Amino acid sequence: MDRNSEFIIGLIGGIIGFFSAIFAIFIGEIDAAVSEAGTSAISGLGWSAFLFSTLAIVGAILVKSKTKVGAIMMIAAALGGLVSISMFYLIPAALLLIAGIMGIVRKDKAVAKSP
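Residue numbers (the working numbering): 5 to 119.
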């Protein structure tokens with residue numbers, strides 16, 4: 005069961021997702037510093053995207069041993085990140101969706117036994 009393509013695409017999506025989440029947290033903290041109330045919802049959503057990126061990397065690691073579970077985790081991370089920080093998470097979500105769908109749809113090659 006060679007799932008290297010799903011692993012690599014999912015790992016790249018998770019790492020880019022970390023950078024997107026950090027950027028959203030940075031923008032949220034700037035918004036909180038400038039606003040009158042001193043708070044910002046963007047930073048909280050950035051932290052949730054950070055957790056979704058962690059879920060994506062765990063899913064990418066699991067896709068080699070437990071394919072369906074890892075693929076579902078990557079799809080959930082892609083959708084959760086999109087809901088959290090929308091356009092900041094667009095590229096990681098696309099990569100994670102591709103890797104997750106590949107993990108669910110792709111069949112393993114049958115090994116033929118010779119007599």
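Ideal Cβ positions, reconstructed from N, Cα and C, are used throughout, including at glycine. Only a predicted model underlies this, so the values are computations on that prediction, with no experimental measurement involved.
From residue i to residue j, what does the alpha carbon distance come to, in whole angstroms?
i   : j   : result
F23 : S90 : 14 Å
E10 : V62 : 12 Å
G85 : T58 : 11 Å
L66 : M78 : 10 Å
Since residue i contacts residue j with CB under 8 Å, what's their CB separation in whole angstroms?
i    : j    : result
G21  : A103 : Not quite, the Cβ-Cβ distance comes to about 12 Å (not below 8 Å), so this is no contact.
A80  : G50  : Not really, about 18 Å apart at Cβ, beyond 8 Å.
R110 : K68  : The pair is not a contact, with the Cβ atoms about 13 Å apart (cut-off 8 Å).
G14  : A60  : 6 Å
Excluding five sequence neighbours on each side, which residues of the same chain lie with their C-beta closer than 6 Å to the C-beta of residue i?
i   : result
S52 : S88
Apply the 10 Å Cβ neighbour rule to residue i and answer buried if 16 or more other Cβ atoms are within range, or exposed otherwise.
i   : result
I34 : exposed
F54 : buried
F30 : exposed
From the beta carbon of residue i, is the nearest beta carbon of chain D less than 9 Å away?
i    : result
I108 : Protein chains in the displayed structure number just one, and chain D is not present.
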